[in-house]
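Chains as they are written, first to last, in my numbering: chain A, 1 to 148; chain H, 1 to 148; chain G, 1 to 148. Where is the CB? At the ideal position from N, CA and C, for every residue including glycine. Below is one structure; the comments refer to it alone.
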């Protein structure tokens, strides 16, 4: 079984994009930290103690926006990791699978961008979210057809 | 090694129920969206701009309830995905493993139902939560016994 | 392919620490429940109905602190699960890989301890968080070098 090696282009692409998604999530963590330090607004008193001007606050709209982007990642990306891995094991055609992984990655990167970097009017965020969910649901149906 | 193929009934059941759990999580996303559009209450100003009557609000009890159900999914289902996969690799008896996956899936579906669809008095939600955690802890102990 | 068996010390360590991290996350769930019952403060009306003195409240600082620790787990531990699994498949040297998994586990256990058990001044939490992220980023880079 060579399915889980770099000799399988589908698995190599899955491994690459899954890991790039992890980096993308760390970028959101960094954006939250950047907003917190810029505004000197923290969630815990021990963080605010690092600086005289800092305060504890939980409703700053710019920070909450980044946190919502992060939560949306948690709601979507781990599902991609597991469903994508199972999809690799259905032995799909490489050209379809690799492009699905690419679309998912680009969709999630755009979702973060229009939600938390440069805020864009809807339906920008809705479309990027749907593109990711569409890829996931397609892969999930293939997994069920293969294994059920 | 044929462990990760559909010829292994344990892995086939794992793949099926893991994917059904992903669909179950998308149902919760849909329930949140349904509540938001029904009540015209959104989390971001760019969403509320889609409709004159819409407003931004973060404490609507019906919406927050669905979001708590979703967060509880995030706290429990990814743990099932990884611990379940490792458990498959311990080569458990098929009849036990397949039924554990089924119980976990049904428990999480009931958890969502009594939390966010038809609200039921406790201990309905507590019991469905414990059933899922019980399955996970049993599998986790088997994984540690096998690999440690 | 014997990579995903207990004969591979790297995978055996991955399976062990991944599962211990699942238990660590359940400890945080238990800490939340303990705080809620001690203070008789719950998130849903059907929970508060179990006791006359109980009430619904969403801003108790001790409960919110444990919930932030839990959310931080969700932001970091599933990333470890997937990136760690892919890292195992790059066939790293056992002595390096096993120690990375250990450092990640200890870092996350300390993160929970200084955040939600005995609150410690910064940079205690920041350092434990960075140790975990450092391990993850190192593994992620190895995965990309191997599979890209």
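Leaving out five residues before and five after residue i in sequence, what residues of the same chain have Cβ atoms less than 6 Å from its Cβ?
i	result
residue 124 (chain A)	114
residue 120 (chain H)	114
residue 69 (chain H)	28, 112, 115 and 116
residue 6 (chain A)	12
residue 53 (chain H)	40
Is the beta carbon of residue i sitting closer than 8 Å to the one on residue j?
i	j	result
residue 138 (chain A)	residue 86 (chain A)	no
residue 31 (chain H)	residue 94 (chain H)	no
residue 3 (chain G)	residue 89 (chain G)	yes
residue 22 (chain H)	residue 79 (chain A)	yes
To the nearest angstrom, report how far apart residue i and residue j are at their CA atoms.
i	j	result
residue 8 (chain A)	residue 91 (chain A)	9 Å
residue 84 (chain A)	residue 136 (chain A)	8 Å
residue 112 (chain H)	residue 61 (chain A)	29 Å
residue 145 (chain H)	residue 127 (chain A)	46 Å
residue 26 (chain A)	residue 109 (chain H)	31 Å
residue 133 (chain G)	residue 45 (chain A)	23 Å
residue 73 (chain G)	residue 76 (chain H)	12 Å
residue 147 (chain G)	residue 57 (chain G)	48 Å
residue 81 (chain A)	residue 51 (chain G)	41 Å
residue 24 (chain A)	residue 140 (chain G)	12 Å
residue 129 (chain A)	residue 106 (chain H)	28 Å
residue 118 (chain H)	residue 71 (chain G)	26 Å
residue 104 (chain G)	residue 64 (chain A)	28 Å
residue 59 (chain H)	residue 59 (chain G)	12 Å
residue 122 (chain A)	residue 122 (chain H)	39 Å
Under 7 Å Cβ to Cβ from residue i, same chain only, skipping five residues before and after it: list those, please.
i	result
residue 66 (chain G)	28, 31, 32, 35 and 116
residue 142 (chain H)	87, 90 and 92
Can you list, in chain order, the residues of its chain with a C-beta nearer than 8 Å to that of residue i? Leave out the 5 residues immediately preceding and following it.
i	result
residue 55 (chain G)	40, 41, 42 and 48
residue 97 (chain H)	10, 13, 14, 87 and 88
residue 102 (chain G)	13 and 17
Kindly indicate if chain D contains any beta-carbon less than 8 Å away from that of residue i.
i	result
residue 100 (chain G)	The structure shown contains no chain D; its protein chains are A, H and G.
Item to complete: Indicate whether the contact test is met: 3 or more Cβ pairs, each with one atom in the segment 5-15 of chain H and one in the segment 24-36 of chain A, closer than 8 Å.
Response: no
Worksheet item: Considering only residues of the segment 86-135 of chain H, which uninterrupted alpha helix (DSSP H) runs meet the minimum length of 4 residues and lie entirely inside it, listed in chain order?
Response: 94-112
Discussion item. At 4 residues or longer, what runs of the alpha helix (DSSP H) sit wholly inside the segment 30-66 of chain H?
Written reply: 45-48
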